[in-house]
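Inspection log for the structure reproduced underneath, given as structure tokens.
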Amino acid sequence: MGKIPPLFMAVLTVGVFTSAVLLQLFPPAAPPPEALLAAHADDYVFGYYPHGWRGRDATGDIVFAVHGRHYALLVNASKARVEKSGSIAAPKPAEQAAQQDNGKILDPLPLSPLSFQARAGATTYDAIAGAPKPDAVVIQRLGKYLVNVEVRDITLQSADGKQLEGANAKILLYCWPDHARAAFQLDAVDAQSDVVLSAHYAPDGSDSALRGANLLPGTQTERDDKGAMFVESKGASLNAGESATVCIGLFPKSAPLPSETNLAVRAKGIAPYTGDLTVTRDPVAGSYQILLGENADIWTMERVALELENTGDVAQSVSLAFAKRGGGFGITGMSPVLCDASGAPLGLPVQISKNWHCTPPWFDGITVVQLEPHTKHTLEFRLAYAKWGANFAVSHAQLALEGWGTHQLWDECAIGSFGESVTYDPDVNLNRSMVDDIRPLMVWGMGKEAKRMWSWTHNVGGADFLVLEQDGKRQYLGRQKTEYEAQGPVMTTVRYSGETPDGAVQSHITTQSWSSDDYVRALYTLRYDVTKPVAFSRIAFFQLGADHYNTNLFREISRGDLEGAKETWAPPMGGKAYSRERLPLEGEKPWLAITGNVKNPPPEIEEGDQGAWADRGFIVHRWSARLGGAKVAQPHYAVYGTEDGNIPSALVELAPPPGLDRLEAGDFVEAQVEMVIVPQKADDYYGPNAPFGEVLRRHTGDGSLVHREAVGAAIEVNATKGVVKSQWPVMIQAKSGVEAAFTIEGGCGAVPITILGAKRHAPFSLTCLTDGHEVPVNPSPSNDWWQTRYHASTGTYDITFTLPLDSPTETPLKRAFTWTLDLPPGSSPAH
């Protein structure tokens, strides 16, 4: 660097001095207490199979990876040990981190084996093997804050080759964004005498190696001069049915070790149950469990007063788990929201993990709060089921499968709490598709009871994302990381990021659904990037219906755009062949509809079933692609005959242009596709949306409902205050973080609106210009009609709500709205 000229140096010195004076006179505004509390809003942890659920590592072992914000580790389930672990010096934001491949995260990790032993009597047994099949890796909880996985079927063997009998062992992992906890548990089937469990952690001594910590009182710790750590439980005799556990924590060297001192967590029911709730500290999981009360009414929201206190001199992060263990509750649709004392959502995400396949069923709403020194917070926890305020709630949740038959990741999206709406199998571990069960909303429930309301409806699934075949063999996506950005109750955003087995195609899929009172919508933003040449025998970028999930019988397919249907035809069924292949999908917002769906005859559908059926369709809102090294300006479609379950049917898919059998490095597809599941006739629908009910009364059973959605989604948004960032879904950057004024022309049903960059989480006002007057828009007086997402990296909030924008006529209405943040006295947009 050259010498700084004197004049410039003088100016620089004055500038620095002036800045210092200004900082003294006008110090930056301190973050509000609720922002400090939500400091972990941007945290994340991913649990995934680095080589795919079907894949193995180079030695043929089943391995499972954890990628937290501040560390990563590799579990060799086949060898019953943690093989590699290390800290991450420069963590990426969640969406970017989800797309980092094994070479960026796992390969650089130092070898740091964590192994386990059991001594029974005078004999020591090493844990030498585990998980002989993928289902012995049991995913219990997987979400934004906690990955809880069990490795079962562990072989314990002595030095002379004998195996411990009369006991079962497993490894339990509780992985948080900043550290991991590994417990070794022995369950006695027969009585065992003088049992001692131990864990041995041997980091390699590098700067990135994690440090071990003993997490259970009453266990002994030893260390050698190389940093290896040995944790041992006290000897105990176990009766049949009893267990012993040893637990070790793995922390980045810069991270503080956990402490329970000076912390207090208290909870009391407000409604529908009252009184003190049981709060216990789980030293293995590392969280405070708040046991919620009983509530079997899906129409009643639960409210709990929460008191958090840190009397110490050091800030602490506190993990909370709002729990249900058995009893009746609306488990199919649950929306946990942490609020301030007024009931306004704080913007701190709450992970949803649950299981209804086991006895008893359970739910955990998991989050991490930051408690500054000498602080006390009074909050409210709310748990909504069917409704969030006056609107139907939406949730996208991880659903554990133990008790159902397999143990892998399964996600369930529900509108209301009446059964599943759309389900996702990211690793396609059921060998069907990435989108499986799909069910219509607010139509008569399945079964022999006539006109059954608010219950499970018939399954008209499935659908799929990237279908890539080479020589006729499907190349399933692996390294699938799931990012739970927002889980409801107004709008969900969950992303699946993975790659083909050779890494040649990188896949990044964003799924979104929102509160609705008419039918199910799922918005998919697809991004596929090609990193090296790929030859294929077949490729589809999206399928409605799936090769191995499509037992639907139907009458016809319609194709159209904003102007209406262009053609309708009855496709050939079955044959595992294309009846139409790689044809242009023309027009603005082109769409395809599958209509005239009918129930399968017995035994597929029970004789006398009274449940309603549904039609399906999808709309291409956006399309951009380079394929084969050339720009592809418009999407193409194909119709393929399926024979899933030996039932001849057909599906529609987004396809490449004709003549293409190879992708080149630098190719990509970026598309936004909306899938809709619509009722077939007015007599089937009992929902409250009157304009939609009137449309159904005129409906003739063709693709007009899909066309109506395409037109409704072709809204025009303009802002006079703030900046429109997205037309669909609507996203508006607030001016100075405090106000937005905008018009919306068009709309169909409940339309999600997100105000970006708000300076505070609440309070705010929303008005609509009606007959020259600003009329307040307030669907619920209890602050339960919007959701909030805090971004700790920017100190701002995103606030999302829906607006009913149906038009009573065929002419789209233009409406004007104003959103204003109510700032505290004495503050201004500049502060």
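In the working numbering, the protein residues as written are 1316 to 2146. Glycine included, C-beta positions come from ideal geometry on N, C-alpha and C.
First and last residue of the uninterrupted beta strand (DSSP E) at GLU2040: By 1-based counting over the sequence shown, the position of residue 2040 is 725. Contrary to the premise, residue 2040 reads as Lys rather than Glu in this sequence. LYS2040 -> beta strand (DSSP E) spans 2038 to 2041.
Measure the C-alpha to C-alpha separation of THR2069 and GLY1923 and round it to an integer number of angstroms. Indexing the sequence shown from 1 puts residue 2069 at position 754. Indexing the sequence shown from 1 puts residue 1923 at position 608. Those two C-alpha atoms are separated by around 45 Å.
Give a yes or no on whether the C-beta atoms belonging to GLU1814 and GLY1793 are separated by under 8 Å. The residue labelled residue 1814 in the question sits at position 499 within the sequence shown. The residue labelled residue 1793 in the question sits at position 478 within the sequence shown. The answer is yes: Cβ separation under 8 Å.
Can you pull the DSSP bridge partners for ASP1372? Looking up residue 1372 in the sequence shown gives position 57. ASP1372 pairs with nothing; no bridge assigned.
Are SER1427 and ALA1517 touching if we call contact CB-CB under 8 Å? On the sequence shown, residue 1427 is found 112 positions in, with the first residue counted as 1. On the sequence shown, residue 1517 is found 202 positions in, with the first residue counted as 1. The answer is yes: Cβ separation under 8 Å.
Using only alpha-carbon positions, find the residue among LEU1352, GLN1713, ALA1387, ILE1613 that is nearest to ARG1810. To locate residue 1810, count along the sequence shown from 1; it is residue 495. Of the candidates LEU1352, GLN1713, ALA1387, ILE1613, the one whose C-alpha sits nearest the C-alpha of ARG1810 is GLN1713.
Rounded to whole angstroms, what is the Cα-Cα separation between LEU1461 and ALA1412? One-based indexing of the sequence shown puts residue 1461 at position 146. One-based indexing of the sequence shown puts residue 1412 at position 97. Each residue's Cα considered, the two are about 16 Å apart.
For TYR1489 and LYS1399, what's the separation of their Cα atoms in angstroms? By one-based count along the sequence shown, residue 1489 stands at place 174. By one-based count along the sequence shown, residue 1399 stands at place 84. Going from the Cα of TYR1489 to the Cα of LYS1399 covers about 16 Å.
Tell me, to the nearest whole angstrom, how far the beta carbon of ALA1908 is from that of VAL2021; I am working on the premise that it is less than 8 Å. Start at 1 with the first residue of the sequence shown, and residue 1908 comes out as number 593. Start at 1 with the first residue of the sequence shown, and residue 2021 comes out as number 706. About 4 Å separates the two Cβ atoms, so the contact holds.
Can you give, in chain order, each stretch of the beta strand (DSSP E) that sits fully within the segment 1886 to 1954 and has at least 3 residues? 1893 to 1899, 1906 to 1910, 1930 to 1942, 1945 to 1947
Does DSSP put LYS1448 in a helix, a strand or coil? Taking the sequence shown and counting its residues from 1, one reaches residue 1448 at position 133. Note: LYS1448 maps to coil in three-state DSSP.
From TYR1739 to ALA1474, what does the alpha carbon distance come to, in whole angstroms? Taking the first residue of the sequence shown as 1, we reach residue 1739 at position 424. Taking the first residue of the sequence shown as 1, we reach residue 1474 at position 159. Whole-angstrom Cα-Cα distance: 45 Å.
Assigned exposure category for PRO1950 - 16 Cβ within 10 Å defines buried: Along the sequence shown, one-based indexing puts residue 1950 at 635. Buried: at least 16 other Cβ atoms inside 10 Å.
Would DSSP call LEU1426 helix, strand or coil? Within the sequence shown, residue 1426 is the residue found at index 111, counting from 1. It is a strand residue.
What's the C-alpha gap between PHE1566 and ALA1387? For the purposes of this step, residue 1566 is identified with residue 251 of the sequence shown, where counting begins at 1. For the purposes of this step, residue 1387 is identified with residue 72 of the sequence shown, where counting begins at 1. The alpha-carbon atoms of PHE1566 and ALA1387 are separated by roughly 10 Å.
Should the segment 1999 to 2009 be called in touch with the segment 1883 to 1899, which here means at least 3 C-beta pairs below 8 Å? no
Whole runs of the beta strand (DSSP E) within the segment 1614 to 1651, excluding any shorter than 3 residues: 1617 to 1625, 1631 to 1640
Give the DSSP bridge partners of PRO1660, in chain order. The sequence position of residue 1660 within the sequence shown is 345, counting from 1. Paired residue(s): CYS1654.
Looking at LEU1686 and LEU1623, is the spacing between their C-beta atoms short of 8 Å? Taking the sequence shown and counting its residues from 1, the one referred to as residue 1623 is at position 308. Taking the sequence shown and counting its residues from 1, the one referred to as residue 1686 is at position 371. Cβ atoms of LEU1623 and LEU1686: closer than 8 Å.
Can you tell me the Cα-Cα spacing of VAL2066 and PRO1963, whole angstroms? As a first step, residue 2066 is located in the sequence shown; it is residue number 751 there, counting from the start. As a first step, residue 1963 is located in the sequence shown; it is residue number 648 there, counting from the start. So the two alpha carbons sit approximately 37 Å from each other.
Whole angstroms is fine: what's the gap from GLU1882's alpha carbon to ILE1872's? As a position in the sequence shown, residue 1882 is number 567, starting the count at 1. As a position in the sequence shown, residue 1872 is number 557, starting the count at 1. Approximately 8 Å between the Cα atoms of the pair.
Alpha helix (DSSP H) segments (min. 4 residues) lying fully within the segment 1978 to 2059: 2005 to 2013, 2019 to 2028
Touch test, the segment 1686 to 1700 against the segment 1823 to 1836, Cβ-Cβ under 8 Å, three pairs minimum: no
When ALA1373, ASN1554, ARG1596, CYS1673 are compared against GLY1481, the one with the closest alpha-carbon: Position 166 of the sequence shown, counting from 1, holds the residue named residue 1481. Closest by alpha carbon: ASN1554.
So the candidates are LEU1661, SER1632, GLN1500, GLY1720; which of them puts its Cα closest to the Cα of ASN1670? Here residue 1670 refers to the residue found at position 355 of the sequence shown. For the residues LEU1661, SER1632, GLN1500, GLY1720, the minimum Cα distance to ASN1670 belongs to GLY1720.
Can you list, in chain order, the stretches of the beta strand (DSSP E) that have 3 or more residues and sit fully within the segment 1769 to 1799? 1782 to 1785
Would you say the segment 1443 to 1453 touches the segment 1521 to 1535, given that touching needs at least three Cβ pairs under 8 Å? no
Local conformation of ILE1854 per DSSP, three classes: Walking along the sequence shown from the start, residue 1854 turns up at place 539. In this structure, ILE1854 counts as strand in the three-state DSSP scheme.
Does the Cβ-Cβ distance between SER1732 and LEU1756 come in under 8 Å? As a first step, residue 1732 must be located in the sequence shown, where it is residue number 417. As a first step, residue 1756 must be located in the sequence shown, where it is residue number 441. Contact flag unset, no.
Would you say TRP1703 reaches chain C, if we count a Cβ-Cβ gap shorter than 8 Å as a contact? No chain C is present in this structure, which holds just one protein chain.
Simplified DSSP assignment, three categories, for GLU1398: Locating residue 1398 in the sequence shown gives position 83, counting from the first residue. Of the three classes helix, strand and coil, the one that applies to GLU1398 here is strand, per DSSP.
Count the other C-beta atoms from every protein chain shown that fall within 10 angstroms of the C-beta of TRP1614, then say buried if there are 16 or more, exposed otherwise. Within the sequence shown, numbered from 1, the residue matching residue 1614 stands at position 299. Classification for TRP1614: exposed.
Neighbourhood of PHE2116 by C-beta distance below 7 Å, restricted to the same chain and skipping five residues each side: Working through the sequence shown from its first residue, we reach residue 2116 at position 801. So the qualifying residues of the chain are VAL1805, ILE2068, TRP2100, TRP2101.
Buried or exposed for GLN1256, please, with buried defined as at least 16 other CB atoms from any protein chain shown within 10 angstroms of its CB. As shown, the chain starts at 1316 and ends at 2146. That puts residue 1256 outside it, with no answer to give.
Starting from PRO1881, trace the beta strand (DSSP E) in both directions and tell me its first and last residue. In the sequence shown, counting from the first residue as 1, residue 1881 sits at position 566. Here residue 1881 is Lys; the residue named in the question, Pro, does not match the sequence. From DSSP, the beta strand (DSSP E) with LYS1881 extends over 1879 to 1884.
Backbone secondary structure at GLY1481 - three-state DSSP: Within the sequence shown, the letter at position 166 stands for residue 1481. Residue state, collapsed to three classes: coil.
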